Amino acid sequence: NAGVTQTPKFQVLKTGQSMTLQCAQDMNHEYMSWYRQDPGMGLRLIHYSVGAGITDQGEVPNGYNVSRSTTEDFPLRLLSAAPSQTSVYFCASRRDRRILGANVLTFGAGSRLTVL
Amino acid sequence: DQQVKQNSPSLSVQEGRISILNCDYTNSMFDYFLWYKKYPAEGPTFLISISSIKDKNEDGRFTVFLNKSAKHLSLHIVPSQPGDSAVYFCAASVSGGSNYKLTFGKGTLLTVNP
Numbered sequence: 001n002a003g004v005t006q007t008p009k010f011q012v013l014k015t016g017q018s019m020t021l022q023c024a025q026d027m028n029h030e031y032m033s034w035y036r037q038d039p040g041m042g043l044r045l046i047h048y049s050v051g052a053g054i055t056d057q058g059e060v061p062n063g064y065n066v067s068r069s070t071t072e073d074f075p076l077r078l079l080s081a082a083p084s085q086t087s088v089y090f091c092a093s094r095r096d097r098r099i100l101g102a103n104v105l106t107f108g109a110g111s112r113l114t115v116l
Numbered sequence: 117d118q119q120v121k122q123n124s125p126s127l128s129v130q131e132g133r134i135s136i137l138n139c140d141y142t143n144s145m146f147d148y149f150l151w152y153k154k155y156p157a158e159g160p161t162f163l164i165s166i167s168s169i170k171d172k173n174e175d176g177r178f179t180v181f182l183n184k185s186a187k188h189l190s191l192h193i194v195p196s197q198p199g200d201s202a203v204y205f206c207a208a209s210v211s212g213g214s215n216y217k218l219t220f221g222k223g224t225l226l227t228v229n230p
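Top to bottom, those sequences are chains A and B.
Residue numbers for the first sequence follow this note's numbering, so the first one is 1 and each next one is one higher.
Residue numbers for the second sequence follow this note's numbering, so the first one is 117 and each next one is one higher.
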């Protein structure tokens, strides 16, 4: 049981380049989300999904796109990378979208992105 | 507007002593609270949670206290061990909310000295 797997672990981009951060979970979790962690800012929600085909915006969605074609995968796309998107990105999932108390978020190990 | 505040960026304690990490919130709709622990180069891991219908929840060396009137919660670690050295995030949510989101604080770096 791998849990939440993120790839790549590290990535360096130039301004204007595009890329996709991959996230996969093997726990059959309904709910998946992307957070970014910046120094002194904590964890901020970018986008989330409550099931295949359903996505919505979090606190800081600008510059990012997501899709959820399967239960297992929730990729995060940067269409035109900017230095402000330099951050550590975490994918997280939870089994049941309706019962927060019973099912806590399981996080991946993170993807460190640097935009030059 | 920061709805979950961890005002101490760092805390240093001696091994065997008590560690107390504090968290304040401003949104009175929050009714479920969690603490996550994060080691460097790893993702956050769930530590302990508490519902607003309780004022205390205990799990081994970890106890979370909730003071709803003060909108304040705290995490007590007794006794502290060097392996507890990590960043601790407080998080809150509205259980019946339509988006089931967790709002995180900025984190407190705990260092437990041997």
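Quick reminder that beta carbons are idealized off the backbone N, C-alpha and C, glycines included.
Bear in mind the structure is a predicted one, so any value in this text is a computation, not a measurement.
Hey, residue i and residue j: beta-carbon distance below 7 Å or not?
i: Ala52 (chain A); j: Gly159 (chain B); result: no
i: Val203 (chain B); j: Arg177 (chain B); result: no
i: Val115 (chain A); j: Leu13 (chain A); result: yes
i: Leu182 (chain B); j: Trp151 (chain B); result: no
i: Tyr141 (chain B); j: Ala208 (chain B); result: yes
i: Tyr31 (chain A); j: Arg77 (chain A); result: no
For residue i, is the classification buried or exposed, using 16 other Cβ atoms within 10 angstroms of its Cβ as the cut-off for buried?
i: Tyr155 (chain B); result: exposed
i: Asp147 (chain B); result: buried
i: Arg68 (chain A); result: buried
i: Gly40 (chain A); result: exposed
i: Glu81 (chain A); result: It is Ala, not Glu, that sits at residue 81 (chain A) in the sequence shown. When all chains shown are included, Ala81 (chain A) counts as buried.
i: Ala2 (chain A); result: exposed
i: Lys222 (chain B); result: buried
i: Arg36 (chain A); result: buried
Helix, strand or coil for residue i per DSSP?
i: Gln85 (chain A); result: helix
i: Gly51 (chain A); result: strand
i: Asp117 (chain B); result: coil
i: Asp200 (chain B); result: helix
i: Ala109 (chain A); result: coil
i: His192 (chain B); result: strand
i: Tyr155 (chain B); result: coil
i: Thr28 (chain A); result: First, the amino acid is wrong: residue 28 (chain A) is Asn here, not Thr. Of the three classes helix, strand and coil, the one that applies to Asn28 (chain A) here is coil, per DSSP.
Cutting at 7 Å between CB atoms, please list the residues of its own chain near residue i, excluding the five before and the five after it.
i: Val210 (chain B); result: Met145, Phe146 and Asp147
i: Pro198 (chain B); result: Glu131, Val228 and Pro230
i: Ser87 (chain A); result: Arg36, Gln37, Asp38 and Leu113
Beta-carbon within less than 6 Å of residue i's beta-carbon, same chain only, minus the 5 sequence neighbours each way: which residues are those?
i: Ser165 (chain B); result: Leu150
i: Val66 (chain A); result: His47, Thr55 and Leu76
Return the chain-ordered list of same chain residues with a C-beta closer than 8 Å to the C-beta of residue i, the five sequence neighbours on each side being excluded.
i: Ile134 (chain B); result: His192, Ile193, Val194, Pro195 and Ser196
By the 7 Å beta-carbon criterion, what residues does the segment 15-30 of chain A contribute toward chain B?
none
Between the segment 70-92 of chain A and chain B, which residues of the former have a C-beta closer than 8 Å to a C-beta of the latter?
Phe90 and Ala92
Residues of the segment 136-160 of chain B with a CB closer than 7 Å to any CB of chain A: list them in chain order, please.
Tyr148, Leu150, Glu158, Gly159 and Pro160
Got a sec: which bits of the segment 33-45 of chain A sit with their beta carbon under 7 Å from any beta carbon on chain B, in order along the chain?
Gly40, Met41, Gly42, Leu43 and Leu45
If contact means a Cβ-Cβ distance below 7 Å, which residues of the segment 206-230 of chain B contact chain A?
Per Cβ criterion, the list reads Ser209, Ser211, Asn215, Tyr216, Lys217, Leu218, Phe220, Gly221, Lys222 and Gly223.
Could you name the residues of the segment 161-172 of chain B whose beta carbon sits closer than 8 Å to any beta carbon of chain A, in the order they occur along the chain?
Thr161, Phe162, Ser165 and Ser167
Can you pull out the residues from the segment 51-63 of chain A whose beta carbon lies closer than 8 Å to at least one beta carbon of chain B?
Flagged, chain order: Asp56 and Gly58.
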